[in-house]
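In this note's numbering, the protein residues as written are 42 to 482.
Even for Gly, the Cβ is constructed at its ideal location relative to N, Cα and C.
Quick look at the structure:
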């Protein structure tokens, strides 16, 4: 509701104060509505190339299916489903399909809490994380500022396989896991696998003790993408929000946006049949993962983590992206100040394309994460499971691609090797250019 204006007029006179032609007009409140591409300056025949690229991805075995959605000028101009949830082709992908968003969690969950806290003066990005988390003061992370962490310049290692410490001879250690949920083992890791209530504390201790990269002499750390910092940012959020991060986000962001599928632990809210499965994990969880987060560290954290764990549909993720594009406002409600979005979405350093939390485009670079046509103002993120969201204020464009390319094997890199996500984004820009060339506007 609220996407389009509503008008109503009386066809006859009811009374002297309700004459013929009297009525109401309700103005739209800024929610997204579907429309034809030409209405928003895009060429439909050009957009058909998306169908060919998606078909190529499926034929290559890059992913069993995918969702492609694009919003221009606040209107949904592309909303397409391709393929199936699995290679068995039993359930087709639909607009209702929920995907594991992987590292898109970083910007769609954790970063949003950071924006909230920073706007209200609760945190200062230039202060050390240890100011807010005193347990870090005695660690090798005591001097990392929040901005260093958010821009991946702190010197943290990209990834550490903490799950290996909870297994022996390929078996789950009983002090960490049980096959059934109990008061002492409450956190779901996979079907028939639950982590101990002390697991989160163990993870936090391991993160505090984790090694860091050696800092170059008299120079800042260079850019090195890392999941580790977002564990820290989640602990920061949980501490300063006085409630679990996932509850805060649901109450203050996802529900008000009308993005009901965005959130953690989707099996608590939706049937497994709606959720695209990810890996058949033969090393750690030893089962096919459907509705349980693919990332091992996030799974050990009970499915809720700062770097991974968020699930959602394409249209609900688009609502969040449209709010970012509109500089913090959506459907008549303001979530963040425009200047906050602008500042965090801007490139921060010459030696890195990153914004604060958000990734950025590399215009003209065909090896970057976005289309080479994307403007320098573009910001967003990709996800390991085969997902991305990119927001381009210059073209008033939001692009979303969701897939489960890690099904059934996370070592399947065909989606990346074939450059599927940027190529589909290329087509969106090409359709704008073609429409302008033929219509002059």
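Checklist entry - Alpha carbon to alpha carbon, how far is residue 536 from residue 60? => result Lying before the first or after the last residue shown, residue 536 is absent from the chain, which here runs from 42 to 482.
Checklist entry - Would residue 95 pass as a contact of residue 107 if the rule is Cβ separation under 8 Å? => result yes
Checklist entry - Which partner residues of residue 117 appear in the DSSP bridge assignment? => result 75 and 112
Checklist entry - Helix, strand or coil for residue 375 per DSSP? => result strand
Next on the checklist: Against chain D, does residue 339 count as a neighbour if the rule is that its beta carbon must be under 8 Å from one of theirs?
Outcome noted: Among the chains of the structure shown, chain D does not appear; only one protein chain is present.
Next on the checklist: Give me the DSSP bridge partner(s) of residue 443.
Outcome noted: 108
Next on the checklist: Taking only three categories from DSSP, how would you classify residue 148?
Outcome noted: helix
Checklist entry - Where does the unbroken beta strand (DSSP E) through residue 202 begin, and where does it stop? => result Careful: residue 202 lies outside any beta strand (DSSP E) and carries neither H nor E.
Item to check | Where residue 474 falls: helix, strand or coil (DSSP) | outcome: helix
Next on the checklist: What does the alpha-carbon distance come out to for the pair residue 344 and residue 299?
Outcome noted: 23 Å
Next on the checklist: I need the boundaries of the alpha helix (DSSP H) containing residue 361, first residue and last residue.
Outcome noted: 355-366
Next on the checklist: Spatial neighbours of residue 451 within its chain, please: C-beta separation below 6 Å, excluding the five flanking residues on both sides.
Outcome noted: 320
Item to check | First and last residue of the uninterrupted beta strand (DSSP E) at residue 430 | outcome: 428-433
Item to check | Spatial distance of residue 100 from residue 384 (CA atoms) | outcome: 41 Å
Item to check | Which listed residue (253, 296, 434 and 205) has its alpha carbon closest to that of residue 386 | outcome: 434
Next on the checklist: Check for me: the alpha helix (DSSP H) holding residue 338 runs from which residue to which?
Outcome noted: 337-341
Item to check | Among 461, 73 and 392, the one whose alpha carbon lies nearest that of residue 423 | outcome: 461
Checklist entry - So, are the CB atoms of residue 177 and residue 249 less than 8 Å apart? => result yes
Checklist entry - So does residue 482 have its beta carbon nearer than 7 Å to some heavy atom of the ligand ZN? => result In the structure shown, the ligand ZN is absent, as is every other ligand, since no ligand is present at all.
Next on the checklist: Suppose you measure from the CA of residue 489 to the CA of residue 406; what does that come to, to the nearest Å?
Outcome noted: For the chain, the structure presents residues 42 to 482; residue 489 sits outside this window and is missing.
Next on the checklist: Looking at residue 425: is its Cβ nearer than 8 Å to the Cβ of residue 122?
Outcome noted: no
Item to check | Best match in 364, 73 and 199 for proximity to residue 271 [C-alpha to C-alpha] | outcome: 199
Item to check | Limits of the alpha helix (DSSP H) - the one that residue 96 falls within | outcome: 90-101
Checklist entry - Does DSSP put residue 460 in a helix, a strand or coil? => result coil
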